[in-house]
Amino acid sequence: MDNNKPRTFRRMFVEKFLRDRLAIIGAVIVFTLFIVAIFAPVIAPRDPDQINTKNLLAPPSLAHFCGTDDLGRDVFSRMVYGARISLTVGFVAIGIATIIGLLIGATAGYFGGWIDDVLMRLVDLMLTIPTFFLILAVIAFLEPNIYNIMTVIGLTGWMSVARLVRAEFLGLKERDFVMAAKAIGVSDMVIILRHILPNAMAPVLVSATLGVAGAILTESALSFLGIGVQPPTPSWGNILTLGKDNIEFAWWLSAFPGMAILITVMGYNLLGEGIRDALDPRLS
Amino acid sequence: MYAYVVRRLIMVPLMMIGITIISFFIIHLAPGDPTELLTDLNPHASAEAAIKLRELYNLDKPIIVQYFMWLKNIAVLDFGDSFSQDARPVIDKIGERIPITLLLNVLSLGIVLFFAIPIGVMSATHQHSWFDKIASLFVFFGFAMPTFWLALLLMIFFGVWLDWLPISGIASFNHDQLTPWGKFVDYARHLAMPVLVAGLTSLAGLSRFTRQNMLEVIRHDYVVTARAKGLPETVVIYKHALKNAMLPIITIMALSIPGLIGGSVIFETIYSIPGMGQLFYHAVMARDYPVIMGILVIGAFITLFANLLADIAYALVDPRISYG
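Sequence order for the protein chains is A and L.
Per this note's numbering, the very first residue in the first sequence carries number 1; after that it's consecutive.
Per this note's numbering, the very first residue in the second sequence carries number 285; after that it's consecutive.
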């Protein structure tokens, strides 16, 4: 190791992360998925919506890596486009959840007192209602489409972030640099945003990475049940619905999209855990 | 302890009111008049349904009045009548489905506890052994596995290819003609896959949690002391260490309950099990709003009471916590 360079926190983080083989695998999976989603039209060998009535439910072959579905569409191409849905839902939903969680957690942790009490009871309350029931009920009143799905997953997934951020704020607000900022008359808003929040972001980043995995699982479950992304838009979940409908004669409709979900979720989990371990100063 | 339980009990009605407010809010989630939106955008909802909705939730009255009228009905468990053909009271439809869902979830939880704790303990006491590595791998897959996909794969494998297990329902057509033992086996064959699959995520979570807790506990002084005075290793592990590692597990179990109940929608739908989850799924597909609202509220109440029981159990078993 080059000892001349200062061992900054960032450098230590990068070094630890690069030594963690599983974390690298996770990062590679996530990166690959981004590439697939962005360049879907280039990567997909066929038009995902091209119907071919002469080639229905064809098993995997060189022409169709993952076979064809009940309309003769190329499953592999549909999966490539499905990556876009997963990625979008994962990021937007977790973006919403993280922003709400940050707002509520920061407010509760910084101001404390009755504000903290009220907000934390709200968190308890939201955790009491089975999330999947809540999502389904909301979707039943609105319309099942990708925008509503993302919003609802985000609106029902912020509680753990709020708890995490609150805990960080409780610890950080007593520290000297915050006291000093207060003493020279810096406003609460600036203290929260400029002084405390950046120090509380590390665990939020980890939870957001793991959260993307959860959001992708939820979206695919909803789409599988027919209450998520609606056909003909391809999503991994709604290809699996066809798998169930054709369970007796087309195993490939079940096997491949599920594999894609599994690998994606694994990728985000590995990446998230890798970041967490690399951030933890107790592990070396 | 006593004061803690009382305080917890006082929270219950407050939480129940909170649950009703959030649920009520969902009815009004749609901008403007919900009945209008439904008829415009939603092919499932007819003009007739809109009138029914308006009547049921008093949508022509001020919103505060609406809420309290709804609350008054809920207080006596009156969720109105189902919009479906049978038009039965919602509470009856839900009531007959609850036992199946509870049975499924209790069986899943039982299996989770039965396997997760020994797996977690073994992994901790034999850290870095091949057993620990295999268990970690299992936990890793358990967390990433889309359980509805696993359900599909098992259906294909055991149901279609091997033809060992039935792939839907909870009983065979000839169930009534079977002997008592035959009936039991018939139920068991139908429930085996759903119960196992429903418990998988919790199983992974709890195994990992037990392992972490055991690793922490076995480093404590009292465990070292127990060893030092010559107690057999099994006594040290299972009596001194496990008891203390078990405490937080109660909380984890309680936290997994909403997930299990919510997950029942997925498993009951895939395996065609006539429980509350399947009822909910059909209600969502048919836009049967009274049933949806009923299950949402009742599902949350069940979770609330399960959490309450877990908290009280925790306070009972942990002498260190006085909750003054």
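Cβ coordinates follow ideal geometry from the N, Cα and C atoms, glycine included.
Computed from a predicted structure; not experimentally measured.
query: On the criterion of 16 or more Cβ atoms from any shown chain inside 10 Å, does E612/L qualify as buried, or is it exposed?; result: Chain L is shown from 285 up to 608; residue 612/L falls before or after that span and cannot be answered.
query: Since P574/L meets chain A, which of its residues come closer than 9 Å, beta carbon to beta carbon?; result: None at all; the shortest Cβ gap to chain A is about 12 Å.
query: Just curious, the alpha helix (DSSP H) that S368/L is in, first and last residue?; result: S368/L -> no alpha helix (DSSP H), and no H or E assigned at all.
query: Compare the C-beta of Y565/L against all C-beta atoms of chain A and say whether one is closer than 8 Å.; result: yes
query: Any idea if T98/A is buried or exposed, counting beta-carbon neighbours within 10 angstroms, 16 or more meaning buried?; result: buried
query: Are any of the Cβ atoms in chain A nearer than 8 Å to that of L437/L?; result: yes
query: Name the chain A residues that come within less than 8 Å of F468/L, Cβ to Cβ?; result: The premise fails here: F468/L is roughly 27 Å from chain A at the closest Cβ pair, so nothing lies under 8 Å.
query: Quick one: Cα of F551/L to Cα of F432/L, how far?; result: 7 Å
query: Which residue marks the beginning of the alpha helix (DSSP H) containing F457/L, and which one marks its end?; result: Counting along the chain, F457/L falls outside any alpha helix (DSSP H), and DSSP gives it neither H nor E.
query: Chain L beta carbons: is any one of them nearer than 8 Å to that of I261/A?; result: yes
query: Helix, strand or coil for P542/L? Go by DSSP, reduced to three states.; result: helix
query: From L526/L, G543/L, V581/L, M300/L, pick the residue whose C-alpha is nearest to that of T494/L; which is it?; result: L526/L
query: Could you give the residue range of the alpha helix (DSSP H) that holds I557/L?; result: Looking at the DSSP string, I557/L is not in any alpha helix (DSSP H), and its letter there is neither H nor E.
query: How is the alpha helix (DSSP H) around A287/L delimited, first residue to last?; result: 286-311
query: How would you list, in chain order, the residues of chain L whose beta-carbon sits under 8 Å from the beta-carbon of E248/A?; result: V444
query: On a Cα-Cα basis, can you pick out the residue from S61/A, V14/A, A63/A, L57/A that is closest to G72/A?; result: L57/A
query: For a cutoff of 8 Å on Cβ pairs, would you count F363/L as touching chain A?; result: no
query: By the criterion of Cβ-Cβ separation under 7 Å, what are the contact partners of A137/A in chain L?; result: I310, I576, L580
query: Using 8 Å as the threshold, is the C-beta distance between G583/L and F133/A below it?; result: yes
query: By how many angstroms is the C-alpha of K182/A removed from the C-alpha of D188/A?; result: 8 Å
query: Let me check one thing: in DSSP terms, what residues is D74/A bridge-paired to?; result: T68/A
query: Hey, how far is the Cα of I401/L from the Cα of G214/A?; result: 25 Å
query: Would you tell me roughly how many angstroms separate the C-alpha atoms of M498/L and A476/L, rounded to the nearest one?; result: 30 Å
query: If you count every other CB in all the chains shown that lies within 10 Å of the CB of H452/L, and 16 or more means buried, which is it?; result: The sequence given here places Ser at residue 452/L; His does not occur at that position. Exposed.
query: If you measure from the CB of M189/A, is any heavy atom of the ligand NAD nearer than 7 Å?; result: Of the ligands one can find in the structure shown there are none, so the ligand NAD has no counterpart to examine.
query: For chain L, find out if any of its Cβ atoms is closer than 8 Å to the Cβ of P130/A; answer yes or no.; result: yes
query: For a cutoff of 8 Å on Cβ pairs, would you count T385/L as touching chain A?; result: no
query: Which of the three DSSP states is assigned to P373/L in this structure?; result: strand
query: For T587/L, go through chain A and note every residue whose CB falls closer than 8 Å to its CB, in chain order.; result: T128, I129, P130
query: Return the first residue and the last residue of the alpha helix (DSSP H) that V152/A is part of.; result: 146-155
query: Go ahead and label Q369/L buried or exposed: buried means 16 or more other beta carbons lie within 10 angstroms of its beta carbon, across all protein chains shown.; result: exposed
query: Could you spell out where the alpha helix (DSSP H) holding D245/A opens and where it closes?; result: 236-245
query: Which runs of the alpha helix (DSSP H) fall wholly inside the region 186-222 of chain A and span at least 4 residues, in chain order?; result: none
query: Can you tell me whether G514/L is buried or exposed, with buried defined as 16 or more other CB within 10 angstroms of its CB?; result: exposed
query: So for L57/A, helix, strand or coil by DSSP?; result: coil
query: So which residues on chain A does G247/L lean against when the C-beta distance must stay under 7 Å?; result: Nothing about residue 247/L can be reported from this structure: the residues present for chain L run from 285 to 608 only.
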